[in-house]
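Asker:
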Amino acid sequence: MKPLITQAESGEATARHLISAPELIFDEDAITQALTTAIAGASDASDIQAATVSILRTAQKTGRAEIARAFAASPFDARAMTSAYCFLTDQLVRTTLQIAVQHLHPARTTGTTDQLTIIGVGGYGRGEMAPFSDVDLLFLIPAKPSPRVDRIIESILYILWDLKLKVGHATRTIRDCVQLGREDFTIQTALLEHRFIAGDLGLAQDLDQTLKTELFAGTGRSFIEAKLEERAARHRKQGLRYVVEPNVKEAKGGLRDLQSLFWISKHIYNVEHAADLVERGVFLEEEFKTFVDAENFLWAVRGHLHLLSGRATEQLTFDMQVAVAEAMGYADTRGRRGVEVFMQAYFRHATQVGELTRIFLTKLEAIHIKAEPLLERIFRRRPKLRDGYTVVVGRLAIVDDNAFMADKLNLLRIFEEALRTGMLIHPDAMRLVKANLRMIDDDMRNDAEAQRIFLDLMLKHGNPERGLRRMNELGMLAAFIPEFEPIVAMMQFNMYHSYTVDEHIIQCITNLALIEKGELEEDLPVASSILKRGVNRKVLYVALLLHDIAKGRPEDHSILGAQMARKIAPRLGLNKAEVDTVEWLVRYHLLMSDMAQKRDIADPRTVRDFAKAVQTVKRLDLLCVLTVCDIRGVGPNTWNNWKAVLIRGLYRQTKRALETGLEDLNRANRGNEAKKALRIALSDWPRKDLQAETTRHYPPYWQGLHVTAHAVFARLLRDITEGEIRIDLHPDEDRDATRACFVMADHPGIFARLAGALALVGANVVDARSYTTKDGWVTDAFWIQDADGNPYDAARLPRLRNMISKTLKGEIMAREELKSRDKVKKREKVFKVPTHITFDNDGSEIYTIIEVDTRDRPGLLYDLARSLAESNVYIANAVIATYGEQVVDTFYVKDMFGLKYYTESKQKTLEKRLRAAIIDGVERAQT
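Take the sequence shown: its letters are residues 3 to 929, numbered as in the numbering used here.
This is the structure we're talking about:
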């Protein structure tokens, strides 16, 4: 079989370094021999085509297996991997062309030539392919194709499709390419990276020359603006750079950003390789190395992602993060999982891509190819600049580098000047700062003026997050506070945190600044009123900055963080009293959140214990604001009305207790107030009926529910008959939940049956109360949310009521039905949450508090409640706090005699049964 073209004449892919020897990827001699033999024995064209597909499919399988093997052995050799897949594809395409031209559709007369050239475009044209990348082909013809050329192209495509290649294709003349490229920037981008694969070399050279002179000549301003708008739209869709499941290709700081830089560079500077941008003065040598490192890392990640998933997936989902980290050799280290180390490396590369992009875009503005932002063109008035600064292309720049560096405090001052003037910092100035971070030493960190500048960045200009984020991305924040460096781009591998640790801290400070500006007064009335009354802002901002400083270490990050804060806070200019308060806030920054979400705040003991820990209203105010900012900074949907009601309720009760005395916190007072409120709510009831209602309940009932629930239960209990089950479902908009009230005759295990019924309809229980009346009725209240964390829509309530009724009547057995419904999603199976079970006999006056901290899954509350019921445990109420894949179910319980579980033997027995219920449920969910 005569080759149509030699490898030396073909595109770049074969010239690049491959991850394996070429003959191991595609043994051209052996495959040619196999095809020659098969063709000689074929009876017609269909036999030839079938034999070709069979031989090439085997060659393709062998080649892909060899590349995958070599890549597994050298998991960071991305360039060699992408080149190898490109080389294999080249060989398949060339061989297919040869078969089609010489054997499937040979020329009828000697000397007849039908010109056809195959050009690779897009990523394939660039010579870079991931394992399952598309193959974009341009069939180039000199004029309208002859019938033979049409048949050749058709046969090529059928063979490639039979090889399961995802082929994008177009048949065009050179004139078509120029015309369509002018009309469509997507086509122009694809042509920008075209590469000759096989066929008529002269036609390919004509295309190359014509594109350079007619399509890519000039500044290409409209093309560049289009690419930048594409980039902006992509970023709007993908969101922040630090989302926890990033898209390797499309996300901010991903491969597409690097490719966009090169597309624009190629258009402006007519360069063939990214390295040429150093000679053109766009990047420094060190910045180009950053470009290469980031590109190589991202391609390696993408390659492993494709191979592990067996398809062209670009999303680094949680389950794939674990698999990719393992494939790339990231191992667990002290206090951190390998996947967290891997994702920290990913986010650091993504940050560096952002820096390169900023530098490049400013270069474009400097040569007037990218327009300045519209607002900057309209409103040109700026505050007067301080000495040493100037404006270059609308950005804050340095007049004299040497003069600037004569005072190392200028490394901080430039960020203050940027905030004061509202200007962006010019990339050349950012380069200067980054290159001189080594000048920041202990003398500077302890300098009073440096401390003032840094605190002013947070306290003075109204948008501290802007300055902190820019300092963080340049490494300035970690240089000034060295303890900050380990948490830069640190990912917490769980479903609760949406951001890296450093970005979470900046998000917290963003929320604090917004509250101070009065922009969240409607959503956060308590936190807003606290700040209006006045707090020590310096303490609050520094505490927020340091509250997670010790994340990622094996020790408790609150305890270790408090120790670190005691050393760091004086370096930021705080006095001894302020340092003490910051240390306390960091040490107990989770206390209010835990108390509100994991304990029954209607229990006076909860409020009393919390008040004793806080001690003063000043501390309570600071902790409340810090808690709100901390929860809101976890992710865009973490804060909701349910958490707001809990935090607000705990704050108001504790403030009143601290101001009027802890002795006011007792059951009798609460019970009398609750009964008084019910009499007002049911003022139309006869006095006899009211008397019966207020005497039929035990004291815990009156302290545990709001008057609205008391009124609902009063109506449900009124005239109820034996054997009757009454249900009231009501959307509680203030709490982002639906309140479900149940009244029925008391019998063992009723709480578990209710939990099972709710699990069957996919309801998430966030709070539950169970009470028994003196005349033998159960009054249970559950607050539930749908799968999206919202109250149930009114239209769904009838189905909810129907399912609950059937389960309570025994028509549906929750235990059996749940077997097919409580499966854990594939992407969530990788999360490891150890189970911890604790018993607390001090947190409540009359109940033992059992706290179960474990992996969340559908049906868990039912399994735990059923296990307790089978052990004759009375559940008074349950508080459920969910943190992504982790859940803390807290039960307030008594034994069958109404006593607490004091003995260690009883506690161990209950713990053993609860753990067994969890293990059984996990096995059921995974089968």
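Each residue gets a CB set at the ideal place from its N, CA and C atoms; glycine is no exception.
Can you name, in chain order, every residue of its own chain whose Cβ lies under 7 Å from the Cβ of L916, other than the five neighbours on each side?
Answerer: Closer than 7 Å at the Cβ level, and outside the excluded window around L916, lie I839, V854, L866 and S869.
Asker: Starting from S772, follow the beta strand (DSSP E) in both directions and report where the run begins and ends.
Answerer: First-last of the beta strand (DSSP E) with S772: N766 to T774.
Asker: Please classify R634 as buried or exposed, where buried requires at least 16 other C-beta atoms within 10 Å of its C-beta.
Answerer: By the neighbour-count rule (16 or more Cβ atoms within 10 Å), R634 is buried.
Asker: Have a look at K914 and A82 and give me their C-alpha separation to the nearest angstrom.
Answerer: Those two C-alpha atoms are separated by around 54 Å.
Asker: Taking the continuous alpha helix (DSSP H) assigned at N643, which residues delimit it?
Answerer: N643 to T662 is the extent of the alpha helix (DSSP H) around N643.
Asker: Go ahead and label R379 buried or exposed: buried means 16 or more other beta carbons lie within 10 angstroms of its beta carbon, across all protein chains shown.
Answerer: For R379, the pLDDT reaches just 48, beneath the cut-off of 50, and the residue's location in the model is therefore unreliable, although a value from the coordinates is still provided. The residue in question, R379, is exposed, as its Cβ has fewer than 16 Cβ neighbours within 10 Å.
Asker: Excluding the 5 residues preceding and the 5 following M432 in the sequence, name in chain order all residues of the same chain whose CB lies nearer than 7 Å to its CB.
Answerer: Taken in chain order, the residues that qualify are L476.
Asker: DSSP three-state label for M597, please.
Answerer: Of the three classes helix, strand and coil, the one that applies to M597 here is helix, per DSSP.
Asker: Within 8 Å (strictly less), CB to CB, does M407 reach chain C?
Answerer: Note that chain C does not occur in the displayed structure, where there is just one protein chain.
Asker: In this structure, does DSSP put A132 in helix, strand or coil?
Answerer: Looking at A132 - three-state DSSP - the assignment turns out to be coil, as it is neither helix nor strand.
Asker: Comparing C-alpha positions only, which one of F218, D445 and K910 sits nearest to S873?
Answerer: Here the closest residue by C-alpha is K910.
Asker: Is it buried or exposed for Q509, if we count other Cβ within 10 angstroms and need 16 for buried?
Answerer: Per the 10 Å Cβ criterion, buried.
Asker: Quick check on the DSSP output: the alpha helix (DSSP H) that includes E505 runs from which residue to which?
Answerer: Where E505 is concerned, the enclosing alpha helix (DSSP H) stretches over V503 to E518.
Asker: Buried or exposed for S262, please, with buried defined as at least 16 other CB atoms from any protein chain shown within 10 angstroms of its CB.
Answerer: Counting Cβ neighbours within 10 Å, S262 comes out buried, since at least 16 surround it.
Asker: Below 8 Å between beta carbons: does that hold for M497 and E887?
Answerer: Contact flag set, yes.
Asker: Looking at the structure shown, is W779 part of a helix, part of a strand, or coil, going by DSSP?
Answerer: DSSP places W779 in strand when its eight states are reduced to three.
Asker: For T608 versus G845, is the C-beta spacing smaller than 8 Å?
Answerer: It is a contact, given that the beta carbons lie within the stated cut-off.
Asker: If you follow the alpha helix (DSSP H) that N412 is part of, which residue opens it and which one closes it?
Answerer: Taken as a continuous stretch (DSSP letters only), the alpha helix (DSSP H) holding N412 covers N412 to T423.
Asker: Do you know offhand how far I921's Cα is from L548's?
Answerer: Between I921 and L548, the C-alpha separation is close to 38 Å.
Asker: In whole angstroms, give me the CA-to-CA distance for Q655 and I814.
Answerer: For Q655 and I814, the distance between alpha carbons rounds to 42 Å.
Asker: Could you please give the first and the last residue of the uninterrupted beta strand (DSSP E) stretch that includes K291?
Answerer: Where K291 is concerned, there is no enclosing beta strand (DSSP E), although the alpha helix (DSSP H) it sits in stretches over E287 to S311.
Asker: Considering only C-alpha positions, which residue in the set M345, A228 and L194 is nearest to H275?
Answerer: For H275, the nearest C-alpha among the options comes from L194.
Asker: Output the distance between the C-alpha atoms of N404 and E281, rounded to the nearest integer angstrom.
Answerer: Taking the straight line from one Cα to the other gives about 24 Å.
Asker: Give me whichever residues DSSP pairs with W785 in a beta bridge.
Answerer: BP columns for W785 point to R741 and D769.
Asker: Determine which residues share a DSSP beta bridge with Y391 and list them.
Answerer: Looking at the DSSP assignment, Y391 forms a beta bridge with I400.
Asker: In whole angstroms, what is the alpha-carbon distance linking T723 and F612?
Answerer: Their backbone Cα atoms lie some 43 Å apart in a straight line.
Asker: With contact counted as at least three CB pairs below 8 Å, one residue from each stretch, are the region 710–723 and the region 670–681 in contact?
Answerer: Result yes; three or more Cβ-Cβ pairs closer than 8 Å.
Asker: Name the DSSP bridge partner or partners of V881?
Answerer: D769 and T892, per the DSSP bridge assignment.
Asker: Please state whether the Cβ-Cβ distance between V180 and L213 is less than 8 Å.
Answerer: Closer than 8 Å, so yes.
Asker: Work out the CA separation of R859 and K690 for me, nearest whole Å.
Answerer: Approximately 47 Å, taken between the alpha carbons.
Asker: Go ahead and pull the three-state DSSP assignment for V137.
Answerer: Strand, per DSSP.
Asker: Determine which residues share a DSSP beta bridge with Y876 and list them.
Answerer: The partner list for Y876 (beta bridge, DSSP) reads K896.
Asker: At which residues does the alpha helix (DSSP H) containing D49 begin and terminate?
Answerer: A47 to A75 is the extent of the alpha helix (DSSP H) around D49.
Asker: Can you tell me where the beta strand (DSSP E) holding A172 begins and where it ends?
Answerer: Its beta strand (DSSP E) spans residues V169 to R174.
Asker: Is the beta carbon of T775 less than 8 Å from the beta carbon of R698?
Answerer: In this structure, R698 lies closer than 8 Å to T775 by Cβ.
Asker: Spell out the partners DSSP gives T335 in its beta bridges.
Answerer: DSSP output for T335 lists R338 as bridge partner(s).
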